[in-house]
Amino acid sequence: MGTGTSTGVPSLCCTCEVCQSEDMRNKRLRSSILVRKNGHTILVDTSTDLRQQCLRYDIKNIDTVLYTHHHADHVHGIDELRSFNFFNKTAIPCYGNQNTLDNLRKNFGYIFGKAEQIGGGIPQIIPHTLEDKTYQFGDISVTPLDIQHGNLIINGFRFHDCAYITDCSGIPNHTMEKLKGLKLLVLNALGFKDHATHFNLSQALEAAEIIKAERTILTHINHQFDFEKVSKDLPDDVELAIDGMRIKF
Ligand SMILES: [Zn+2]
Ligand SMILES: [Zn+2]
Ligand SMILES: [Zn+2]
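The letter at position 245 of the sequence shown is residue 261 when you use my numbering, and the numbering goes up by one with no holes.
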């Protein structure tokens with residue numbers, strides 16, 4: 017649904033080569049994925065660009081929302097869930113770890129606090145704290161993964177033989193154990209430079225090498241990566257994510 021870092025690419029006001037590029041593969045909405053199987057749809061993160069993403073990819077239904085963490089780029093489209101509430105006439109279960117939910121409650125008092133708006137103006141959300149177990153949402157099995165994001169512990173998710181890990185600066189050993197035998201790993205690689213809370217390209221490649229998924233796709237990318245130039249030097253089993261990418265299993 018989106019493959020960009022928190023600013024998106026192009027970044028507002030930036031005149032760099034990548035932000036000015038005409039190549040659609042250098043245009044990145046905020047990071048998010050959709051997982052679908054047999055009529056059940058899971059959205060990972062309500063990105064700032066959620067409305068645009070749902071229009072662009074014709075998303076008409078969301079059954080479950082999984083939150084990786086509470087940072088703005090992963091959450092601030094939360095209000096768009098209202099449209100799915102209206103048209104599907106259901107509240108949407110949303111899962112996150114305790115810290116994520118605490119922050120959502122604090123930052124979105126109008127949703128989680130005392131009702132001050134009436135008449136359908138508030139997203140109808142049912143919050144659930146993620147537990148250390150494998151969930152079954154429709155026919156999709158989901159295992160939450162502990163991921164280090166600076167000094168926070170946030171969530172990645174394993175869906176069958178695929179894992180989605182964004183905003184990662186380190187993978188704890190107990191999570192490494194849960195990443196064995198992957199066909200697909202989607203992992204963040206922010207840019208070339210060192211960053212306190214995100215893997216850069218060389219750190220992401222190092223992690224990919226250890227995890228050894230059959231295929232690794234790099235996401236949550238900033239404007240340092242020109243798709244064409246960076247792709248040329250990647251190992252055969254690693255590629256850059258593109259907005260709108262669909263992968264079938
Ligand atoms: Zn982020
Ligand atoms: Zn730029
Ligand atoms: Zn973050």
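Ideal Cβ placement from N, Cα and C applies to all residues, glycine included.
This structure is a prediction, so every number in the text was calculated from the model and none was measured.
Check: What did DSSP end up calling E255 once you bin it into helix, strand or coil?
Finding: Looking up residue 255 in the sequence shown gives position 239. Strand.
Open item on the list: Taking 6 Å as the cut-off, is the C-beta of H87 nearer than that to any heavy atom in ligand 3?
Closed with: Position 71 of the sequence shown, counting from 1, holds the residue named residue 87. Checking every heavy atom of ligand 3 against the Cβ of H87, one is found closer than 6 Å.
Within 10 Å of its beta-carbon, does D249 have 16 or more other beta-carbons around it, so buried, or fewer, so exposed? As a first step, residue 249 is located in the sequence shown; it is residue number 233 there, counting from the start. Classification of D249: exposed, given that the 10 Å Cβ count is below 16.
DSSP bridge partner residues for R52 (one or two, in chain order): Counting from one through the sequence shown, the residue named residue 52 turns up at place 36. BP columns for R52 point to T57.
Among A229, I78 and D210, nearest to R98 - alpha-carbon criterion:
Locating residue 98 in the sequence shown gives position 82, where the first residue counts as 1. Here the closest residue by C-alpha is I78.
TODO: May I ask you to verify whether the stretch 233–248 touches the stretch 57–69, counting CB pairs closer than 8 Å and requiring at least 3?
DONE: no
* Check whether the Cβ of H236 sits closer than 6 Å to any heavy atom of ligand 2, and report yes or no. => For the purposes of this step, residue 236 is taken as the residue at position 220 of the sequence shown. Checking every heavy atom of ligand 2 against the Cβ of H236, none is found closer than 6 Å.
Query - Per-residue DSSP class, three states only, for S157 - result: Translated into the one-based positions of the sequence shown, residue 157 becomes position 141. Looking at S157 - three-state DSSP - the assignment turns out to be strand.
Less than 6 Å separating the Cβ of C184 from some heavy atom of ligand 2? Against the sequence shown, residue 184 aligns to sequence position 168. No, the Cβ of C184 stays beyond 6 Å of every heavy atom of ligand 2.
Candidates L161, D162 and I233: closest to R262 by CA position: Sequence index remark: in the sequence shown, residue 262 carries index 246 (1-based). Per the Cα distances, I233.
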